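Single-structure report; data block below.
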Amino acid sequence: MDSIVQSSESLLQRYAQVLDHLQADNLNDLSELLDNRVRFIDPFNDLSGKSAFIGVMREMFEKLDDVRFDVLQQNQSERDGWLYWRFSATSGVTGPFSVEGSSRIRFTVDGLVELHHDFWDASRMMQELPVFGRLIAVIRRRAAYSSAD
5 MDSIVQSSES LLQRYAQVLD HLQADNLNDL SELLDNRVRF IDPFNDLSGK
55 SAFIGVMREM FEKLDDVRFD VLQQNQSERD GWLYWRFSAT SGVTGPFSVE
105 GSSRIRFTVD GLVELHHDFW DASRMMQELP VFGRLIAVIR RRAAYSSAD
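Position in the sequence shown (from 1) plus 4 gives the number in the working numbering.
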């Protein structure tokens with residue numbers, strides 16, 4: 005069991021390192037770590053297949069500038085791992101933005117990523133959008149806890 009966990013830890017570390025250095029011109033490095041049937045889930049997508057996952061990443065680099073992933077923390081449990089990260093980029097619509105989140109990563113017995121499930125608050129990013137963002141900000145304020153101090 006220790007050898008499985010240790011090898012999974014090194015798989016997660018390798019995956020985290022690829023994400024940390026991910027750019028439009030090295031998406032093949034990411035692709036090599038993915039199972040052909042990988043499932044990718046985030047607040048906007050739920051898709052399966054390596055080409056679809058790489059397509060999401062490619063499109064992200066086409067639509068955004070200064071894209072950067074910073075993996076801040078890792079945690080491994082057998083074939084499942086968790087990454088805590090910060091994503092930052094610049095959009096022509098919102099300008100610079102940054103969001104923190106986490107990803108559940110699950111590996112096949114062959115050591116390939118079969119699940120990449122992102123968890124992050126998309127409303128924080130949408131809040132930066134013109135017009136629509138003001139509505140999101142109002143909803144967030146009204147839904148938030150207000151202390152009676």
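Built from N, CA and C at the ideal position, the CB exists for glycine as well.
Only a predicted model underlies this, so the values are computations on that prediction, with no experimental measurement involved.
query: Going by other Cβ atoms of all chains shown within 10 Å of its Cβ, with 16 needed for buried, is Gln21 buried or exposed?
result: Taking the sequence shown and counting its residues from 1, the one referred to as residue 21 is at position 17. Classification of Gln21: exposed, given that the 10 Å Cβ count is below 16.
- request: Tell me Asp69's beta-bridge partners as DSSP assigns them.
  value: The count along the sequence shown starts at 1 and reaches residue 69 at position 65. According to DSSP, Asp69 bridges with Thr94.
message: Which residue wins for smallest C-alpha separation from Arg72, given the options Arg18, Asp122 and Asp24?
response: By 1-based counting over the sequence shown, the position of residue 72 is 68. Of Arg18, Asp122 and Asp24, the residue nearest in Cα terms is Asp24.
- prompt: Between the Cα of Asp114 and the Cα atoms of Arg62, Val60, Asp39 and Asn30, which residue gives the shortest distance?
  reply: By 1-based counting over the sequence shown, the position of residue 114 is 110. Selected option, being the one with the closest Cα: Asp39.
Buried versus exposed, by CB contacts within 10 Å (16 or more), Ser81: To locate residue 81, count along the sequence shown from 1; it is residue 77. With fewer than 16 other Cβ atoms within 10 Å, it is exposed.
- prompt: Alpha carbon to alpha carbon, how far is Pro47 from Ser106?
  reply: The count along the sequence shown starts at 1 and reaches residue 47 at position 43. The count along the sequence shown starts at 1 and reaches residue 106 at position 102. Computed Cα separation, rounded: 12 Å.
field: Beta-carbon contacts of Ala148 that lie in its chain and below 8 Å, excluding the five residues immediately before and after
entry: Within the sequence shown, residue 148 is the residue found at index 144, counting from 1. Excluding positions up to five away in sequence, the list is empty.
task: Report back the beta-carbon spacing between Gln78 and Gly85 to the nearest angstrom; my notes put them in contact at under 8 Å.
output: On the sequence shown, position 74 is the one that residue 78 refers to. On the sequence shown, position 81 is the one that residue 85 refers to. Their Cβ separation, rounded to whole angstroms, is 7 Å, which keeps Gln78 and Gly85 in contact under 8 Å.
Candidates Gln17, Phe44 and Asp74: closest to Leu26 by CA position: Counted from its first residue, the sequence shown places residue 26 at position 22. Selected option, being the one with the closest Cα: Asp74.
query: Out of curiosity, what's the CA-to-CA distance linking Ser150 and Arg41?
result: Working through the sequence shown from its first residue, we reach residue 150 at position 146. Working through the sequence shown from its first residue, we reach residue 41 at position 37. Rounded to the nearest angstrom, the two C-alpha atoms are 45 Å apart.
message: Let me confirm a value: Ala93 is counted as buried when at least 16 other C-beta atoms fall within 10 Å, else exposed. Which label applies?
response: Locating residue 93 in the sequence shown gives position 89, counting from the first residue. With 16 or more Cβ atoms within 10 Å of its Cβ, Ala93 is classed as buried.
- prompt: Thinking C-alpha only, which one of Ile109, Ala126, Arg145 and Glu104 is nearest Leu37?
  reply: If you number the sequence shown from 1, residue 37 lands on position 33. Of the candidates Ile109, Ala126, Arg145 and Glu104, the one whose C-alpha sits nearest the C-alpha of Leu37 is Ile109.
message: Using the three-state DSSP reduction, which class does Phe213 fall into: helix, strand or coil?
response: An answer regarding residue 213 cannot be provided, because it is not within the stretch 5 to 153 covered by the chain.
Same chain, Cβ closer than 6 Å to Phe123, five either side skipped, listed in chain order: Position 119 of the sequence shown, counted from the first residue, corresponds to residue 123. The answer, listed in chain order, is Gly105 and Ser106.
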